[in-house]
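Engineer: Below is a structure I'd like to ask you about.
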Amino acid sequence: MSNLPRILLATLCGLVLAAGVHIAVVFMAPSFAENDAFGRLQDTLTEDQAQIVSSPGGGATWLPLPDPATAVAACAFDLSDGPVRVTAKTGQDFLSFSFHTKTRGVFFAVTDRAAIRGELELVVMTPRQLDEARAAEDENEPNRDVRIVAPQEQGYIVVRVAAPYPSERAQAEEAAKAVTCTVDEEEDEAS
Amino acid sequence: MKRPIPTAALILYALLLALGLGVGSAYAVLNGNPPFGSRHLGPWQTWPKLGSAEADPYMRAIVARRSDIPLATGEGLALTAQSDSEGRKLDSACSYRIGPSTPAARWWTLTVYDEDGKLAPSELGRSGFTSPEVLRDAQNGFAVVLSRTLSAGNWLQLPASGPFSVVLRLYDIPGAAGLSLNPEDLPAIERLECGA
């Protein structure tokens, strides 16, 4: 066999493999990313309160294209320690929660329209923890928690509070910081 | 007669080609905007699935790479403009008018960013408008003027030089976010004049 067909064949193999490498890199990129939002929120895993990511009115932030009219705060969670309970007090201005997994994107979002008497409270859990919570439940006293099943154990919760006027910025930042994310201990006692 | 190239060399060549092209092309794509799932609405561009569970692998990889936290479907929708309504790149040397209406939303914000995606606050500390702030005319329309020099009405100062971008964020929009929007509903970006 002469050289030219062999080189062509090798090039073709290389191109086909390159497509495979390309796909593999794109699929694995979120898992290996260290500077993604979850990576930057590592400190908040043990905190009970959300940490400000982007202050209203600008200022230093790692968030690309921050909106100067919203306060963004976040806390990371790891459901292997137990379900995570997140609470916020809502005011007149827009407030929203979004729930993100480390590598599989957003799995839930809710705004203050869903708040009951000025409070928004949700519990994030794995499918297994949901089963356990249901099994432990007293039929006469149904649990009123709003439960959200996370498709992945690791992720982060983001809260955005509106500050439509510059005068409301400090208040929005306080509201975003006041959001609590605590590991729910009750489930352990029940079992 | 020519000597044949050793098979081992050809295999090595194919593997290096695969690695170089595969990693190189992935890197190039991940540094840009998500290649699929975008919607163009006049001068605005948006990725409605970016903040949903249906985001494709490119979107997820790009979000992770940018350390971005996209607005979730249900929270709102962000639309980016890098050119005016006639398709010319937004340039700080020119002045623009944005208006007169936006799609229905609980509230919206319009923000100017410089070339590097940083906020470009004016001397008055303003880098954007929100829907309650903006001054409206008798028909409830608005006009935000973007220019480097002071202008009457809703004025946003542009960065000193270079291209810039505008992001319109619609918070708490009804229905299937972004999928039911029409280009006519979105504000137009009209180029007024270009100075030196």
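Going down the list, the sequences are from chains U and Z.
Just so you know, the working numbering puts 169 at position 169 of the first sequence, and the rest follows in order with no gaps.
Just so you know, the working numbering puts 160 at position 160 of the second sequence, and the rest follows in order with no gaps.
We put the CB at the ideal spot given by N, CA and C, even for glycine.
Quantities reported herein were computed from a predicted structural model and do not represent experimental measurements.
(1) From this set, PRO127/U, THR103/U, ARG6/U, ILE157/U, which residue's C-alpha is nearest ASP36/U's C-alpha?
(2) Taking Cβ positions, are TYR165/U and THR130/Z nearer each other than 9 angstroms?
(3) I'd like to know if the region 142–150 of chain Z and the region 98–112 of chain Z are in contact, where contact means that at least 3 CB-CB pairs between them fall below 8 angstroms.
(4) Roughly how many whole angstroms lie between the Cα atoms of VAL26/U and ASN140/Z?
(5) Does chain U have any CB closer than 9 angstroms to the CB of THR102/Z?
(6) If we ignore side chains and look at the alpha-carbon of each, how far apart do ALA175/U and CYS181/U end up?
(7) Mind checking which residues open and close the beta strand (DSSP E) that includes GLN171/U?
(8) What residues in the region 6–26 of chain U bring their beta carbon closer than 9 angstroms to a beta carbon of chain Z?
(9) Which residue's Cα is closest to the Cα of ALA109/U: LEU181/Z, LEU30/Z, PRO183/Z, LEU71/Z?
(10) Less than 6 angstroms between C-beta atoms, sequence neighbours within five positions excluded: which residues of the same chain meet that for LEU41/U?
(11) Does the ligand ADP have even one heavy atom less than 8 angstroms from the beta-carbon of LEU17/U?
(12) Look up GLY155/U in the DSSP assignment and give the residues it is bridged to.
(13) Below 8 angstroms, can you find three or more Cβ-Cβ pairs linking the region 78–90 of chain Z to the region 161–170 of chain Z?
(14) Which of the three DSSP states is assigned to SER55/U in this structure?
(15) Would you call the CB atoms of ALA150/U and THR70/U closer than 9 angstroms?
(16) Go to PHE107/U, then tell me how far its beta strand (DSSP E) extends in each direction, as first and last residue.
(17) When the Cα atoms are used, what is the spatial distance from ARG65/Z to SER122/Z?
(18) Against chain Z, with Cβ distances strictly below 9 angstroms, would THR111/U count as a contact?
(19) With three or more C-beta pairs closer than 8 angstroms as the rule, is the region 42–51 of chain Z touching the region 86–94 of chain U?
Structural biologist: The relevant details are as follows:
(1) Here residue 36/U corresponds to residue number 36 of the first sequence, with the count starting at 1. The candidate whose alpha carbon is nearest that of ASP36/U is THR103/U.
(2) Locating residue 165/U in the first sequence gives position 165, counting from the first residue. Locating residue 130/Z in the second sequence gives position 130, counting from the first residue. The answer is yes: Cβ separation under 9 angstroms.
(3) yes
(4) Sequence index remark: in the first sequence, residue 26/U carries index 26 (1-based). Sequence index remark: in the second sequence, residue 140/Z carries index 140 (1-based). Between VAL26/U and ASN140/Z, the C-alpha separation is close to 46 angstroms.
(5) Position 102 of the second sequence, counted from the first residue, corresponds to residue 102/Z. So, not an interface residue.
(6) Here the question's residue 175/U lines up with position 175 in the first sequence. Here the question's residue 181/U lines up with position 181 in the first sequence. Going from the Cα of ALA175/U to the Cα of CYS181/U covers about 14 angstroms.
(7) Your numbering for residue 171/U matches position 171 in the first sequence. No beta strand (DSSP E) contains GLN171/U, which is instead part of the alpha helix (DSSP H) from 169–177.
(8) ARG6, ILE7, LEU9, ALA10, THR11, LEU12, CYS13, GLY14, LEU15, VAL16, LEU17, ALA18, ALA19, GLY20, VAL21, HIS22, ILE23, ALA24, VAL25, VAL26
(9) Counting from 1 along the first sequence, the entry for residue 109/U is found at position 109. If we check each option's Cα against that of ALA109/U, LEU71/Z comes out closest.
(10) Here residue 41/U refers to the residue found at position 41 of the first sequence. Taken in chain order, the residues that qualify are ALA74, ALA76, TYR156.
(11) Because no ligand of any kind appears in the structure shown, any question about the ligand ADP cannot be addressed here.
(12) Your numbering for residue 155/U matches position 155 in the first sequence. PHE77/U, THR101/U.
(13) yes
(14) Indexing the first sequence from 1 puts residue 55/U at position 55. Correct three-state label for SER55/U: coil.
(15) One-based indexing of the first sequence puts residue 150/U at position 150. One-based indexing of the first sequence puts residue 70/U at position 70. Not closer than 9 angstroms, so no.
(16) Residue mapping note: residue 107/U aligns to position 107 of the first sequence, counting from 1. Start and end: 106–111.
(17) Residue mapping note: residue 65/Z aligns to position 65 of the second sequence, counting from 1. Residue mapping note: residue 122/Z aligns to position 122 of the second sequence, counting from 1. The straight-line gap from Cα to Cα measures roughly 30 angstroms.
(18) In the first sequence, the residue the question calls residue 111/U occupies position 111. Chain Z, which has a Cβ nearer than 9 angstroms to the Cβ of THR111/U, makes this yes.
(19) no
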